[in-house]
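Undergrad: 4 is the number of the first residue of the sequence shown in this note's numbering; add one for each residue after it. Just so you know, even glycine gets a beta-carbon here, dropped at the ideal spot from N, CA and C. Keep in mind it's a predicted model, so treat the numbers as computed, not measured.
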Amino acid sequence: MYDSMPSVAPLTLASGVRARDAWPLDPEIIHLNHGSFGAVPTEVVQLQNALREQADLSPVGWFPRIAERVAQARAEVAPFLGVDADDAAFVPNASAAATVVYNSLHLEAGDEILVTDHGYGAVTMGAARLARRFGAVVRAVHLPLLAEEDEVVESFRAAFGSRTRLIVVDQVTSPTARRLPTRRITELARERGIRVLVDGAHAPGLIADAALHGGGDWWFGNMHKWPCAPRGSALLVTTDADRQELWPLIDSWGAPEPFPGRFDTQGTIDATTYLSTPAAIAFIEREYGWSRTRAAMSVLADEGAARIAAAMQPYVSEDARVLLPMPVDSMRLIRLPDGLGKTREEADALRMALFDLAGVETAFTSFEGHGYFRLSVHLYTESSDFDAFIERCVPEILRRASVTTAASRTP
Ligand SMILES: Cc1ncc(COP(=O)(O)O)c(C=O)c1O
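1. For Asp120, I'd like the list of residues in its chain whose CB is within less than 8 Å of its CB, leaving aside the five on either flank, ordered along the chain.
2. Per DSSP, Arg324 is paired with what?
3. State the DSSP-derived secondary structure class of Thr167, mapped to helix, strand or coil.
4. Select from Leu378, Leu382, Leu339 and His373 the residue whose C-alpha is nearest the C-alpha of Pro398.
5. With distance defined between alpha-carbon atoms, name the residue in Leu108, His205 and Ala134 nearest to Asp332.
6. From Met4 to Ile311, what does the alpha carbon distance come to, in whole angstroms?
7. For Leu215 and Ala404, I'd like the C-alpha separation in whole angstroms.
8. Taking contact to mean at least 3 C-beta pairs separated by less than 8 Å, is the stretch 22–40 in contact with the stretch 350–369?
9. Around the Cβ of Pro317, are there at least 16 other Cβ atoms within 10 angstroms (buried) or fewer (exposed)?
10. Using CA coordinates, which residue listed in Ala211, Ala134 and Glu56 is at the minimum distance from Leu84?
11. Which residue wins for smallest C-alpha separation from Arg428, given the options Asp305, Ala162, Leu278 and Gly129?
12. Taking the alpha carbon of Phe262 as the point to measure from, which residue in Ala232, Gly129 and Asp90 has its own alpha carbon closest?
13. Please tell me whether Ala81 has its Cβ less than 8 Å away from any Cβ of chain B.
14. Let me know if Arg136 comes out buried or exposed under the rule of 16 or more other beta-carbons within 10 Å of its beta-carbon.
15. Within 7 Å: the Cβ of Ser405 and any heavy atom of ligand 1?
16. Answer with buried or exposed for Asp2, where buried requires no fewer than 16 other C-beta atoms within 10 angstroms of its C-beta.
17. Mind checking whether Arg289 and Leu336 have CB atoms under 8 Å apart?
18. Can you tell me which of the three DSSP states Leu200 falls into?
19. From which residue to which residue does the beta strand (DSSP E) around Ala17 run?
20. Indicate whether the contact test is met: 3 or more Cβ pairs, each with one atom in the stretch 214–232 and one in the stretch 275–286, closer than 8 Å.
21. According to DSSP, simplified to helix, strand and coil, what is Ala42?
22. Any idea what DSSP makes of Tyr375, helix, strand or coil?
23. Tell me, which residues are paired with Asp59 by DSSP?
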């Protein structure tokens, strides 16, 4: 069945350019991990370089006026997320947004923060540090990989306790590449006076009006993932009554300003990532259209997942192709042979081994002691990339799996 799947022709942009040629990605390397660090189109790289050049040509002409330009970029980016520019602050990345929110909170000893077992490790560690500061506790809600939307909401309802104060939950999960119903969870939490931080790191570009649909008392998302902005561009969005408690990680001249204006000045930093973000959004819209891009990613991801799962299937005890509820358009999970990538550390080590040995950029994740290949595609992905993964990576994965299996049989 999988083999009969037609391969998708390389995508062509409105300007007539083959999509692959619009990104400066190394042609010697196979790129199947957009999700971790994004990839910036050449046109946007050039714009950012030109902006940096302006700063170098005339620092005084550049830096004293930077706040106005960052505010203008916010005004252009906020509608893409379905929100008002007055509710959105630029921060360098999703991790920074979580830190800003954690820094603003006061808990009591014995209070509880709920996270999930699909959460992003660094953001969950931040929640643990917040809890330690106040003698509070962090509890992880278990959500089965294949939990349907209602089951996820009910798991939260069942998990709420009398001391639950904060929920940290992902709109699109990192290890399991699926959506969670964060808006419904927010509505449920509000009935109980519990506040919700929505980690929408992967949501911009993948979900139209991502912040609007994400819910949360606070929401954040990365522009350097699916929207293809230069790295170091994320938005923290909130209409929360306490939002004047939010401060940028760098105390600077914006301090007298209310949220979000105070985030527009961050000392002498390179704000060209923020200033180039509207151009990245516009590039995809002009060259392919955002909704068409999501549809194309879905077709490509299905093809890749089917092909790669078929190659792996004889060595995997369950269905290698994981059919997730609430999937996203651009990512798929393919189950690894038993014993491989059981922990995050092992999964990360496999990623670097395949990069070094096979020249393939991948993401491997682990969930409940099982390893997965998290396939990412974007407009520049081509069917030949899946063939390359099958030729270069699958034999090495199987070799490692047989070594692992043999080792686990050793008494
Ligand atoms: C769900 C999630 N949250 C947070 C982050 C952190 O993003 P950043 O490294 O840009 O801060 C990531 C990164 O992949 C993520 O997937």
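TA: Quick look at the numbers:
1. Numbered from 1 along the sequence shown, position 117 holds the residue referred to as residue 120. Contacts found: Ala143, Val144, His145, Leu146, Phe370 and Glu371.
2. What you label residue 324 is simply residue 321 of the sequence shown in a count that begins at 1. Beta-bridge pairing links Arg324 to Ile337.
3. Mapped onto the sequence shown, residue 167 falls at position 164. In the three-state reduction of the DSSP assignment, Thr167 falls in the strand class.
4. Along the sequence shown, read from residue 1 onward, the residue named residue 398 stands at position 395. Ranking Leu378, Leu382, Leu339 and His373 by Cα distance to Pro398 puts Leu339 first.
5. As a working mapping, residue 332 is identified with position 329 in the sequence shown. Of the candidates Leu108, His205 and Ala134, the one whose C-alpha sits nearest the C-alpha of Asp332 is His205.
6. Numbered from 1 along the sequence shown, position 1 holds the residue referred to as residue 4. Numbered from 1 along the sequence shown, position 308 holds the residue referred to as residue 311. Note on Met4: pLDDT 47, under 50, position unreliable in the model; the coordinate value appears next. So the alpha carbons of these two residues sit roughly 13 Å apart.
7. On the sequence shown, position 212 is the one that residue 215 refers to. On the sequence shown, position 401 is the one that residue 404 refers to. Linking Leu215 to Ala404 through their CA atoms gives a straight-line distance of about 43 Å.
8. Inter-segment contact for the stretch 22–40 and the stretch 350–369 is present: three or more beta-carbon pairs are separated by less than 8 Å.
9. Against the sequence shown, residue 317 aligns to sequence position 314. The residue is exposed, with fewer than 16 neighbouring Cβ atoms inside 10 Å.
10. Your numbering for residue 84 matches position 81 in the sequence shown. The candidate whose alpha carbon is nearest that of Leu84 is Ala211.
11. The structure shown does not extend to residue 428, since the chain spans only 4 to 414, so no value can be given for it.
12. Numbered from its first residue, the sequence shown carries residue 262 at position 259. The candidate whose alpha carbon is nearest that of Phe262 is Asp90.
13. Annotation note: the requested chain B is absent from the structure, which comprises a single protein chain.
14. Here residue 136 refers to the residue found at position 133 when the sequence shown is read from its first residue. Arg136 counts as exposed, since fewer than 16 other C-beta atoms from the protein chains shown sit within 10 angstroms of its C-beta.
15. Translated into positions along the sequence shown, residue 405 becomes position 402. Answer for Ser405: no, Cβ out of range of ligand 1.
16. As shown, the chain starts at 4 and ends at 414. That puts residue 2 outside it, with no answer to give.
17. As a working mapping, residue 289 is identified with position 286 in the sequence shown. As a working mapping, residue 336 is identified with position 333 in the sequence shown. No, the pair does not count as a contact, with Cβ atoms beyond the cut-off.
18. For this step, residue 200 is matched to residue 197 along the sequence shown. It is a strand residue.
19. Position 14 of the sequence shown holds residue 17. Careful: Ala17 lies outside any beta strand (DSSP E) and carries neither H nor E.
20. yes
21. Locating residue 42 in the sequence shown gives position 39, where the first residue counts as 1. In this structure, Ala42 counts as coil in the three-state DSSP scheme.
22. For this step, residue 375 is matched to residue 372 along the sequence shown. Strand at Tyr375.
23. Here residue 59 refers to the residue found at position 56 when the sequence shown is read from its first residue. According to DSSP, Asp59 bridges with nothing at all.
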